[in-house]
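A.B. asks:
2 protein chains.
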Amino acid sequence: MENLSRLCIHTVTTKPWGIEEAAREYAQAGVRGISVWRETLAGRNIVQTGNMLRDAGLTIVSHVRGGFFPAMSAGERQAAIDDNLRMIDETAALGAPLMVLVCGAHPGLALEEARRQIQEGIAAILPHAQACGVRLGIEPLHPMYADSRSAINTLAQANDMAEALASDYLGVVYDVYHLWWDPDLESETGRCAAGGNLLAFHVCDWKTPTEDLLLDRGLMGEGCINLRQIRGWVETAGYGGFVEVEIFSKKYWAMDQKAFLDLIIAAYRSNV
Amino acid sequence: MENLSRLCIHTVTTKPWGIEEAAREYAQAGVRGISVWRETLAGRNIVQTGNMLRDAGLTIVSHVRGGFFPAMSAGERQAAIDDNLRMIDETAALGAPLMVLVCGAHPGLALEEARRQIQEGIAAILPHAQACGVRLGIEPLHPMYADSRSAINTLAQANDMAEALASDYLGVVYDVYHLWWDPDLESETGRCAAGGNLLAFHVCDWKTPTEDLLLDRGLMGEGCINLRQIRGWVETAGYGGFVEVEIFSKKYWAMDQKAFLDLIIAAYRSNV
Numbered sequence: 001m002e003n004l005s006r007l008c009i010h011t012v013t014t015k016p017w018g019i020e021e022a023a024r025e026y027a028q029a030g031v032r033g034i035s036v037w038r039e040t041l042a043g044r045n046i047v048q049t050g051n052m053l054r055d056a057g058l059t060i061v062s063h064v065r066g067g068f069f070p071a072m073s074a075g076e077r078q079a080a081i082d083d084n085l086r087m088i089d090e091t092a093a094l095g096a097p098l099m100v101l102v103c104g105a106h107p108g109l110a111l112e113e114a115r116r117q118i119q120e121g122i123a124a125i126l127p128h129a130q131a132c133g134v135r136l137g138i139e140p141l142h143p144m145y146a147d148s149r150s151a152i153n154t155l156a157q158a159n160d161m162a163e164a165l166a167s168d169y170l171g172v173v174y175d176v177y178h179l180w181w182d183p184d185l186e187s188e189t190g191r192c193a194a195g196g197n198l199l200a201f202h203v204c205d206w207k208t209p210t211e212d213l214l215l216d217r218g219l220m221g222e223g224c225i226n227l228r229q230i231r232g233w234v235e236t237a238g239y240g241g242f243v244e245v246e247i248f249s250k251k252y253w254a255m256d257q258k259a260f261l262d263l264i265i266a267a268y269r270s271n272v
Numbered sequence: 273m274e275n276l277s278r279l280c281i282h283t284v285t286t287k288p289w290g291i292e293e294a295a296r297e298y299a300q301a302g303v304r305g306i307s308v309w310r311e312t313l314a315g316r317n318i319v320q321t322g323n324m325l326r327d328a329g330l331t332i333v334s335h336v337r338g339g340f341f342p343a344m345s346a347g348e349r350q351a352a353i354d355d356n357l358r359m360i361d362e363t364a365a366l367g368a369p370l371m372v373l374v375c376g377a378h379p380g381l382a383l384e385e386a387r388r389q390i391q392e393g394i395a396a397i398l399p400h401a402q403a404c405g406v407r408l409g410i411e412p413l414h415p416m417y418a419d420s421r422s423a424i425n426t427l428a429q430a431n432d433m434a435e436a437l438a439s440d441y442l443g444v445v446y447d448v449y450h451l452w453w454d455p456d457l458e459s460e461t462g463r464c465a466a467g468g469n470l471l472a473f474h475v476c477d478w479k480t481p482t483e484d485l486l487l488d489r490g491l492m493g494e495g496c497i498n499l500r501q502i503r504g505w506v507e508t509a510g511y512g513g514f515v516e517v518e519i520f521s522k523k524y525w526a527m528d529q530k531a532f533l534d535l536i537i538a539a540y541r542s543n544v
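Here it is in structure tokens:
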């Protein structure tokens, strides 16, 4: 997309930058949205940081990432819920409309049990999210993260859970990196949007070879994901919100981040 | 399982051993089945190697691995079909009843097109497989291999394709490493067996963390896969064939392979 008005970048994408530098550089480059990783706020006044971002001309798209509900003991599960409640407060203080949930998994727990605990955890924090005017977004993660990061691994599962908990304050965060391989993606995309649950759209690419399970994501156009086709499905279904660039990459983090930001914008223009 | 009568090992699991040494060591340790990787036969007379394995008291369970049908040009696709036809001949010469298919994918091809080419490729070789008395087994691969190894990533997709091509000489190879995360696994396992398509059962484990996308599989019990539950589904569905240990691991290949074989047998006894 030549026009940058829907371009959002996740602070983790340019991890070496502090949030002040990210805000300045994004805004100067014409980026309009920012998704703020929680770690980026450490040691900052959150209300003032939100104001700083808006003063820079940026829209705060989401606060990333809560969740991680499943655990081996009731005490740990309660601690996760408490931490998510605090993060909802922080999200409201920041002025972000959406908090992204990486739902969690534990290698010692059966997936069915992890999913039960996830649903229980979301149900426990949903009233507070609603009271704070913060929406929660379930992000299904690629099946290669089912051991320890999320037991929600397809868009169908995220749709199921969002529909089961049926709330205007709960929906789905859609990331092409996690979902591109799914043979049911087109139909589940329609279902997600039709239910009012398609809250966010994340892009990057899948490289061949991928050398690290977590930190080797590619720039849009660098890999095999059919981004145009998937964006078509998402937009046909009615989504018109921000397109968020979320890339974890040891290779790109090692670069000069201004040069990397130029690459992101060029890739967005040519390949999204 | 205490009893080793259903234990089969893939030659790639003990990659440092030549097939003669593998046969000797497996048989001496009480292993009853062997699945032969094609590379292991390089430079051997295949008929004599099959006889050598049977003389050692081993059942040849499968010949691994054909497939890799999708390609960017018609010439390359025909070359893949020709190579699969040769491998069917080799499988018959070896005296193996089953040839495993890793179906293929290409980062430059849309998944839908790759799947179409896979179905076309299998259809092209199926008559020769039938003429040779060799069954073909579609092995669905984990979604993390959808870029370059297989566009068939769930048991449902493998069932769909086996049912579409409906032949007594085509079925599915079921590997827990690829399938364990799937929320539909129990029902699709029943469907697979009910259709007469459950031809083989592979085991290993998924480690946390997994440090390499290809070569960091774990021994049974070392990871998060609920092997007992999945074996229960498979056997309830009617499968009673070999349980095949297929582990690719730089770590285990670096070990003394006799000591590794002892670990495999202990893990099979305790955790399968």
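Top line first, the protein sequences correspond to chains A and B. Under the numbering used here, the residues of the first sequence are numbered 1 to 272, in order. Under the numbering used here, the residues of the second sequence are numbered 273 to 544, in order. We put the CB at the ideal spot given by N, CA and C, even for glycine.
State the Cα-Cα distance for the pair residue 82 of chain A and residue 75 of chain A, rounded to the nearest angstrom.
C.D. replies: Approximately 10 Å between the Cα atoms of the pair.
A.B. asks: Using 8 Å as the cut-off, can you tell me whether the stretch 250-267 of chain A makes contact with the stretch 412-419 of chain B, which would need three or more C-beta pairs spanning the two stretches below that distance?
C.D. replies: No, the stretch 250-267 of chain A does not touch the stretch 412-419 of chain B.
A.B. asks: Which ranges does the alpha helix (DSSP H) cover as unbroken runs of at least 4 residues, wholly within the stretch 305-390 of chain B, from first to last along the chain?
C.D. replies: Those alpha helix (DSSP H) runs which fall completely within the stretch 305-390 of chain B and span 4+ residues are 318-327, 346-366.
A.B. asks: Closer than 7 Å between beta carbons: that is the criterion. Which residues of the stretch 479-493 of chain B meet it against chain A?
C.D. replies: Those residues of the stretch 479-493 of chain B that come within reach of chain A (Cβ to Cβ, closer than 7 Å) are 480, 482, 485.
A.B. asks: Nearest chain A C-beta to residue 416 of chain B closer than 9 Å, yes or no?
C.D. replies: At least one chain A Cβ lies under 9 Å of residue 416 of chain B.
A.B. asks: At which residue ranges does the stretch 201-267 of chain A contain complete alpha helix (DSSP H) runs of 4 or more residues, listed in the order of the chain?
C.D. replies: Correct list: 227-236, 250-253.
A.B. asks: With residue 138 of chain A and residue 162 of chain A assumed to form a contact (beta carbons below 8 Å), what rounded beta-carbon distance in angstroms separates them?
C.D. replies: Their Cβ separation, rounded to whole angstroms, is 6 Å, which keeps residue 138 of chain A and residue 162 of chain A in contact under 8 Å.
A.B. asks: Opposite residue 409 of chain B in the DSSP bridges: which residues?
C.D. replies: Partner(s): B:372, B:443.
A.B. asks: According to DSSP, what are the bridge partners of residue 422 of chain B?
C.D. replies: B:376.
A.B. asks: Let me see if you follow: with CB-CB separation under 9 Å, is residue 521 of chain B close to chain A or not?
C.D. replies: With 9 Å as the cut-off, residue 521 of chain B does not count as an interface residue toward chain A.
A.B. asks: First and last residue of the alpha helix (DSSP H) that includes residue 450 of chain B?
C.D. replies: Residues 448-451.
A.B. asks: In angstroms with no decimal places, state the Cα-to-Cα distance between residue 477 of chain B and residue 440 of chain B.
C.D. replies: The alpha-carbon atoms of residue 477 of chain B and residue 440 of chain B are separated by roughly 30 Å.
A.B. asks: State the start and end residues of the unbroken alpha helix (DSSP H) segment that holds residue 155 of chain A.
C.D. replies: Residues 155-165.
A.B. asks: Could you check where the alpha helix (DSSP H) with residue 185 of chain A kicks off and where it finishes?
C.D. replies: Per DSSP, residue 185 of chain A belongs to the alpha helix (DSSP H) from 185-194.
A.B. asks: To which residues of the same chain is residue 511 of chain B closer than 7 Å at the C-beta, ignoring the five residues directly before and after it?
C.D. replies: These residues qualify, in order along the chain: 465, 470, 473.
A.B. asks: Taking Cβ positions only, does residue 431 of chain B come closer than 9 Å to chain A?
C.D. replies: It does not; no Cβ of chain A falls within 9 Å.
A.B. asks: Distance cutoff 9 Å, beta carbons only. Does residue 420 of chain B sit that close to anything in chain A?
C.D. replies: With 9 Å as the cut-off, residue 420 of chain B counts as an interface residue toward chain A.
A.B. asks: Going by CA-CA distance only, name the one from B:385, B:498, B:430, B:331 that's closest to residue 281 of chain B.
C.D. replies: Minimum Cα distance to residue 281 of chain B is reached at B:331.
A.B. asks: Check whether the Cβ atoms of residue 24 of chain A and residue 5 of chain A lie closer than 9 Å to each other.
C.D. replies: For residue 24 of chain A and residue 5 of chain A, no; Cβs fall outside 9 Å.
A.B. asks: Is residue 236 of chain A close to chain B? Criterion is C-beta to C-beta, closer than 9 Å.
C.D. replies: Not an interface residue.
A.B. asks: Check this for me: beta carbons of residue 214 of chain A and residue 247 of chain A, under 9 Å apart or not?
C.D. replies: No; because the gap between Cβ atoms is not below 9 Å, this pair is not in contact.
A.B. asks: Quick one: residues in its chain with C-beta nearer than 8 Å to the C-beta of residue 105 of chain A, no 5 flanking neighbours on either side, listed in chain order?
C.D. replies: Once the five neighbours on either side are set aside, the close Cβ partners of residue 105 of chain A are 70, 111, 114, 145, 146, 147, 148, 149, 150, 151.
A.B. asks: Around the Cβ of residue 516 of chain B, are there at least 16 other Cβ atoms within 10 angstroms (buried) or fewer (exposed)?
C.D. replies: Classification for residue 516 of chain B: buried.
A.B. asks: Report yes or no: is there a C-beta of chain A within less than 9 Å of the C-beta of residue 343 of chain B?
C.D. replies: Taking Cβ atoms only, chain A never reaches closer than 9 Å to residue 343 of chain B, which makes this a no.
A.B. asks: Against chain B, which members of the stretch 104-127 of chain A pass a CB distance test of less than 9 Å?
C.D. replies: Of all residues in the stretch 104-127 of chain A, 105, 106, 107, 108, 109, 110, 111, 112, 115 have a Cβ within less than 9 Å of some Cβ in chain B.
A.B. asks: Pick helix, strand or coil for residue 400 of chain B, following the three-state DSSP scheme.
C.D. replies: The answer is helix: DSSP assigns residue 400 of chain B an H, G or I state.
A.B. asks: Mind checking which residues open and close the alpha helix (DSSP H) that includes residue 26 of chain A?
C.D. replies: First-last of the alpha helix (DSSP H) with residue 26 of chain A: 19-29.
A.B. asks: Which residues in chain B sit within 7 Å of residue 153 of chain A, going by Cβ to Cβ distance?
C.D. replies: Within 7 Å Cβ-Cβ: 453.
A.B. asks: Relative to chain A, which residues along the stretch 456-471 of chain B have a C-beta separation below 7 Å, given in chain order?
C.D. replies: Answer set for the stretch 456-471 of chain B: empty.
A.B. asks: Whose C-alpha, out of A:183, A:249, A:176, A:16, is nearest the C-alpha of residue 328 of chain A?
C.D. replies: No answer is possible for residue 328 of chain A: the residues shown for chain A start at 1 and end at 272.
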